[in-house]
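Visitor:
There are 2 protein chains.
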Amino acid sequence: MRIILDGMGGDNAPDEIVKGAAETSALIDHEICIVGDEARIIPLLETYEHDADKISVLHAPDVISGEDSPVKAVRQKKESSLVKGMEAVRNGEGDIFISAGNSGAIMSGGIFILGRIPGIDRPAIGSTYPILGRGGASLLIDSGANAECKPHNLLQFAVMGSIYAQNVLGKEKPSVGLVNMGTEPGKGSALVKDAYELLERGRESGQGLNFIGNVEARDVPIGICDVIVCDGFIGNVILKMTEGMALSISHLIRQKFTEGLIAKAGSALLYNKLGEMKKAFDYTEYGGAPVLGLKSALVKLHGSATAKAVRNGIARAVPFMENRVVNTIEDSVARFMEITGDA
Amino acid sequence: MRIILDGMGGDNAPDEIVKGAAETSALIDHEICIVGDEARIIPLLETYEHDADKISVLHAPDVISGEDSPVKAVRQKKESSLVKGMEAVRNGEGDIFISAGNSGAIMSGGIFILGRIPGIDRPAIGSTYPILGRGGASLLIDSGANAECKPHNLLQFAVMGSIYAQNVLGKEKPSVGLVNMGTEPGKGSALVKDAYELLERGRESGQGLNFIGNVEARDVPIGICDVIVCDGFIGNVILKMTEGMALSISHLIRQKFTEGLIAKAGSALLYNKLGEMKKAFDYTEYGGAPVLGLKSALVKLHGSATAKAVRNGIARAVPFMENRVVNTIEDSVARFMEITGDA
Numbered sequence: 001m002r003i004i005l006d007g008m009g010g011d012n013a014p015d016e017i018v019k020g021a022a023e024t025s026a027l028i029d030h031e032i033c034i035v036g037d038e039a040r041i042i043p044l045l046e047t048y049e050h051d052a053d054k055i056s057v058l059h060a061p062d063v064i065s066g067e068d069s070p071v072k073a074v075r076q077k078k079e080s081s082l083v084k085g086m087e088a089v090r091n092g093e094g095d096i097f098i099s100a101g102n103s104g105a106i107m108s109g110g111i112f113i114l115g116r117i118p119g120i121d122r123p124a125i126g127s128t129y130p131i132l133g134r135g136g137a138s139l140l141i142d143s144g145a146n147a148e149c150k151p152h153n154l155l156q157f158a159v160m161g162s163i164y165a166q167n168v169l170g171k172e173k174p175s176v177g178l179v180n181m182g183t184e185p186g187k188g189s190a191l192v193k194d195a196y197e198l199l200e201r202g203r204e205s206g207q208g209l210n211f212i213g214n215v216e217a218r219d220v221p222i223g224i225c226d227v228i229v230c231d232g233f234i235g236n237v238i239l240k241m242t243e244g245m246a247l248s249i250s251h252l253i254r255q256k257f258t259e260g261l262i263a264k265a266g267s268a269l270l271y272n273k274l275g276e277m278k279k280a281f282d283y284t285e286y287g288g289a290p291v292l293g294l295k296s297a298l299v300k301l302h303g304s305a306t307a308k309a310v311r312n313g314i315a316r317a318v319p320f321m322e323n324r325v326v327n328t329i330e331d332s333v334a335r336f337m338e339i340t341g342d343a
Numbered sequence: 344m345r346i347i348l349d350g351m352g353g354d355n356a357p358d359e360i361v362k363g364a365a366e367t368s369a370l371i372d373h374e375i376c377i378v379g380d381e382a383r384i385i386p387l388l389e390t391y392e393h394d395a396d397k398i399s400v401l402h403a404p405d406v407i408s409g410e411d412s413p414v415k416a417v418r419q420k421k422e423s424s425l426v427k428g429m430e431a432v433r434n435g436e437g438d439i440f441i442s443a444g445n446s447g448a449i450m451s452g453g454i455f456i457l458g459r460i461p462g463i464d465r466p467a468i469g470s471t472y473p474i475l476g477r478g479g480a481s482l483l484i485d486s487g488a489n490a491e492c493k494p495h496n497l498l499q500f501a502v503m504g505s506i507y508a509q510n511v512l513g514k515e516k517p518s519v520g521l522v523n524m525g526t527e528p529g530k531g532s533a534l535v536k537d538a539y540e541l542l543e544r545g546r547e548s549g550q551g552l553n554f555i556g557n558v559e560a561r562d563v564p565i566g567i568c569d570v571i572v573c574d575g576f577i578g579n580v581i582l583k584m585t586e587g588m589a590l591s592i593s594h595l596i597r598q599k600f601t602e603g604l605i606a607k608a609g610s611a612l613l614y615n616k617l618g619e620m621k622k623a624f625d626y627t628e629y630g631g632a633p634v635l636g637l638k639s640a641l642v643k644l645h646g647s648a649t650a651k652a653v654r655n656g657i658a659r660a661v662p663f664m665e666n667r668v669v670n671t672i673e674d675s676v677a678r679f680m681e682i683t684g685d686a
C-alpha cells in the first residue's frame, strides 16, 4: 500500500517531515510518497539514511500555509502539496493522506476532495488521548471539527471511533462513554440527553457498540473508556485543558523544586524522572489524529510535528490502511442509520 | 450583618461546619447563625473555642441529603436547615446564606425561596478558579448550573461575574473572556458567536464591561482573565478536567518519584515541596462558589467542605454582603438589558 505524506505542511516542514519519513522507510512494508517542492524535498531526503525503494516524491510547487483561508486555499491552490496529495489518494494512487498542515484546509480538503461517506454529514477528528502514567490511549472524538452537533452525529462518532479504536489502537470491544456533567442518565443538555438515547439503542441493537453510559471530564485523563464521545467544542476544551494543566503544573514543579538548596538537591536526584514527566506531558509527540467519516483514510498531525511525531503518525497509518477502517465504517453506517431513523 | 450558615449540609456536617464557624467567629464583625438540629449543633459548638456573642443557632430538625431530589426536597422539607436558612435570608433575618449541601437543592431553593432578580432568567454559579502556583483566582461563570444557555445569559454572566470579581476578589476593571475554540472572532458555535457580539456591544456601551475577547481553555489555568464566561456544560468540563488532571499528574509524580533508590532519596529531600504541591491541587480547600442572579446573596461550598473551606467561604461572604453585590447586579441588569433587546 502507499502512504501519501504532505511534505510541506506544518511548522517544521519540510525538514522534520522528510526526516521522519526517511527514518520510517526501512521499518515498514509500505511505500511512502512525499508531496512537495522537489527542489527542496529531494536534496533533504539525501541527507538522511533511507530505503530508496520505499520513498518517492510527487512534485507540488505550491504550499497552503497556516494563514491561508481553508476553503479558499483548497479551491484555488491546485498545485499545493495538500491538494495534490489528496487528489492522489482520491484517484487511487495512494491509500492514506497524512499532513501536519493547516487544520482547516485538511478538513475542507477531506470533505471537498476525498468526500464524505454517504450517510455521514459530519466527519470528525479523533485524537488519540494518552493516559498519563499508565500507558495506552483513548480516542477523543470529535476533538474539534464540529462546534455544533446533532444527536445522530454523536452516535456516528461513537461508531466510527469504536471501529478505529479496535482496528488501530488494538482495543477489543472498545468501551464508549459520552461526556456529560454527571454519570446518571438524564443529565446534561438536550443534545447529550438525546444522544444518550441513541447510543443506548445502538448498544441494544447488538451491532457491537459497547456503550457504557455517561462519563465525567474528571475521568478522561485516567482513561475511563476507550472512546470518549462529545461535540467538537467540548472535545477542544478537553484537549486544551489537558495541555493547559500540564503546562501550568510543569511551571509549578519548576518553581517549587528550585526554592532553596534542599529542594535543588532533591531535584538533581530526580533529574531523569523529571525528564520522563516532561516527556509524558508533551502532547505534540503523540500526534496522529484520524479524520473519520471520509471516503479515504486521512491523518492530521499536530502543526508542530517533529520527525518523531511523523514516525508515530505513520506507525498508526499502517493499521488504519491495512485493516480497512474506512470500508468497515462504510458498512456500519448503513446499519446504524436505521437507529437514527435516517435510513 | 448576619451570615446564615447551613449547619447540616455536606459530607462533613455538622462537625466541620460548626468548627469552621467557631474558628471564624472571633475574626469577623458579623454574626453567624448556624441552622440545624439544636441537639447536635449546640453541644458541638461548646467543644470549640468561639465568640459566643457572634454565634447563634436556629433550630431546624430536618435535613436535605445528597440523595434527595432537589425540587421535591425544597418543596416538601419545610423544616430542613436549607429551607429554614433560606427563608430567614428572604425574610430579612440574614444577609447571606452559605451551604455545603445538595447542589441541586441549593439552586432550586435559590430560585424558589430567594427568587431571581427581575430580568435574569438564569442565575449562575461562579467558581473561584485558583491560578496554580501564581496565587490569586479567576471567576469561572457559569460553572455548572445551566447546561444550556442563550447568548443574553452569557452576557449576564459576564456582567454579574465582573461585579463579583471587582467587589469580592478585589480586581480592578476585571477582564472578561469568552471560552471559545480559538481566539479569533467568528470562531465556535452559534451560541458563542452571538454571545461575542453581545459582549462587544456591552464593552462599547461604556458601562464598564472590560471584555477582552475569546479565550482558549488552554489559558484558563494560567489565569488569562479575571472572569471566564461559558455555559454551564463547558464550565463543568473545565472544572472537572482541572480536578482530573491534578489527580492524574499527582499519581504520575508518586509513581515516578518512587522508582528506584535515587528517586526515593530525591523525593525525601522534596518532601515539603511535594506537600505544598498537593495542597495547591486540593480544590476542595477553595470552595465558596457564589450563586449570582438571585435577590439575596448565596454561596455554595464544596460538598466535602472542611472547617478550612467554611472559614474561606465566610471570608468571601463578608465582602459579598458588605459591598452589596446583589444590589449592584440589580442596578446593572436593567442597563444591560437594553443591549440584549429585552428591555
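Listed in order, the protein sequences are those of chains E and R. At position 282 of the first sequence the residue is numbered 282 (our numbering), and the sequence of numbers has no breaks. At position 215 of the second sequence the residue is numbered 558 (our numbering), and the sequence of numbers has no breaks. Even glycine gets a Cβ: it sits at the ideal position worked out from N, Cα and C.
Let's test the definition: count the other Cβ atoms within 10 Å of the Cβ of R:Tyr-614 and tell me whether it reaches 16, buried, or not, exposed.
Guide: exposed
Visitor: Quick one: give me the first and last residue of the beta strand (DSSP E) that R:Ala-640 is part of.
Guide: 640-643
Visitor: Determine the burial state of E:Ser-205: buried for a count of at least 16 other Cβ atoms within 10 Å of its Cβ, exposed for fewer.
Guide: Counting Cβ neighbours within 10 Å, E:Ser-205 comes out exposed, since fewer than 16 surround it.
Visitor: Would you report the Cα separation of R:Thr-367 and R:Leu-425, rounded to the nearest angstrom?
Guide: 21 Å
Visitor: In angstroms with no decimal places, state the Cα-to-Cα distance between R:Ala-369 and R:Leu-512.
Guide: If you take the alpha carbons of R:Ala-369 and R:Leu-512, they lie about 22 Å apart.
Visitor: If you draw a straight line from the alpha carbon of E:Arg-254 to that of R:Glu-422, how long is it in whole angstroms?
Guide: In a straight line, the C-alpha of E:Arg-254 is about 52 Å away from that of R:Glu-422.
Visitor: Check the Cβ of R:Thr-471 against every Cβ in chain E and list those closer than 9 Å, keeping chain order.
Guide: By Cβ distance, chain E contributes nothing, its closest Cβ being about 16 Å from R:Thr-471, past 9 Å.
Visitor: Taking R:Leu-497 as part of the alpha helix (DSSP H), name the residues at either end of that continuous run.
Guide: 494-510
Visitor: Flag R:Leu-387 as yes if its beta-carbon sits less than 8 Å from any beta-carbon of chain E, otherwise no.
Guide: Closer than 8 Å: no.
Visitor: Give me the Cβ distance between E:Phe-211 and E:Gly-202, rounded to the nearest whole Å; I'm assuming they're in contact under 8 Å.
Guide: Going by Cβ atoms, the distance from E:Phe-211 to E:Gly-202 rounds to 6 Å, so yes, they are a contact pair.
Visitor: Applying a beta-carbon distance threshold of less than 8 Å, which residues of chain R neighbour E:Thr-242?
Guide: Met-584, Met-588
Visitor: Could you tell me the alpha carbon to alpha carbon distance between R:Ile-371 and E:Gly-260, rounded to whole angstroms?
Guide: 36 Å
Visitor: Where in the stretch 457-497 of chain R do unbroken runs of the alpha helix (DSSP H), each at least 4 residues long, occur, reported from the N-terminal end onward?
Guide: Counting only runs of 4+ residues, no alpha helix (DSSP H) is found wholly inside the stretch 457-497 of chain R.
Visitor: Less than 8 Å between the C-beta atoms of E:Thr-183 and E:Val-159, yes or no?
Guide: no
Visitor: Shorter than 8 Å from the beta carbon of E:Ile-234 to some beta carbon of chain R?
Guide: yes
Visitor: Tell me whether the stretch 120-136 of chain E and the stretch 28-39 of chain E touch, counting them as touching only if at least three CB pairs, one residue from each stretch, are closer than 8 Å.
Guide: no
Visitor: Can you give me, in chain order, the residues of the stretch 540-566 of chain R that have a beta carbon less than 8 Å from any beta carbon in chain E?
Guide: Glu-559, Ala-560, Arg-561, Asp-562, Val-563, Pro-564, Ile-565
Visitor: Going residue by residue through the stretch 289-337 of chain E, where are the continuous alpha helix (DSSP H) segments of at least 4 residues, counting only ones entirely within it?
Guide: 307-322
Visitor: Put E:Val-220 into one of helix, strand or coil per three-state DSSP.
Guide: coil
Visitor: Which ranges would you report for the alpha helix (DSSP H) in the stretch 598-623 of chain R if only whole runs of at least 4 residues count?
Guide: 604-612
Visitor: So for R:Ala-432, helix, strand or coil by DSSP?
Guide: It is Val, not Ala, that sits at residue 432 of chain R in the sequence shown. Three-state result, R:Val-432: helix.
Visitor: Using a C-beta cutoff of 8 Å, does R:Gly-352 count as contacting chain E?
Guide: no
Visitor: What's the C-alpha gap between E:Ala-343 and E:Gln-156?
Guide: Any reading at E:Ala-343 must be qualified, since the residue scores a pLDDT of 41, below 50, and its modelled position is unreliable; the value itself is stated next. Computed Cα separation, rounded: 13 Å.
Visitor: The alpha helix (DSSP H) with R:Gly-452 in it runs from where to where?
Guide: 446-452
Visitor: Do you know whose CA, among E:Gly-133, E:Lys-278, E:Ile-4, E:Gly-10, lies nearest E:Ala-309's CA?
Guide: E:Gly-10
Visitor: Which stretch, first to last residue, makes up the alpha helix (DSSP H) that contains E:Asp-6?
Guide: Element bounds for E:Asp-6: not the alpha helix (DSSP H) but the beta strand (DSSP E), 2-6.
Visitor: State the DSSP-derived secondary structure class of E:Ser-25, mapped to helix, strand or coil.
Guide: helix
Visitor: Hey, does R:Ala-686 have any beta-carbon neighbour from chain E nearer than 8 Å?
Guide: Here the model assigns R:Ala-686 a pLDDT of 41, short of 50, so the residue's position is not dependable and the matter cannot be decided.
Visitor: Can a CB atom of chain E be found closer than 8 Å to the CB of R:Lys-493?
Guide: no
Visitor: Tell me which residues share the same chain as E:Gly-144 and place their Cβ nearer than 6 Å to its Cβ, disregarding the 5 neighbours each side in the sequence.
Guide: Spatial neighbours of E:Gly-144 in its own chain (CB-CB distance under 6 Å, excluding positions within 5 residues in sequence) are listed in chain order as Ile-125, Gly-232, Gly-235, Asn-236.
Visitor: Check each candidate in E:Ile-117, E:Leu-58, E:Val-318, E:Ser-250 and name the one with the smallest Cα separation from E:Ala-88.
Guide: E:Leu-58
Visitor: Residues in the same chain with beta-carbon distance under 6 Å from E:Phe-97, minus the five sequence neighbours each way, listed in chain order, please.
Guide: Ile-4, Gly-85, Met-86, Val-89, Leu-298
Visitor: Quick check on this structure: which residue in E:Ser-56, E:Asp-219, E:Lys-19, E:Ile-41 has the alpha carbon closest to the alpha carbon of R:Leu-582?
Guide: E:Asp-219
Visitor: Would you mind working out which of E:Ala-246, E:Gly-7, E:Ile-228, E:Met-241 sits nearest E:Ala-60, comparing C-alpha positions?
Guide: E:Gly-7
Visitor: Hey, R:Thr-683 and R:Leu-542: beta-carbon distance below 8 Å or not?
Guide: no
Visitor: Beta strand (DSSP E) containing R:Val-572: first to last residue?
Guide: 570-572
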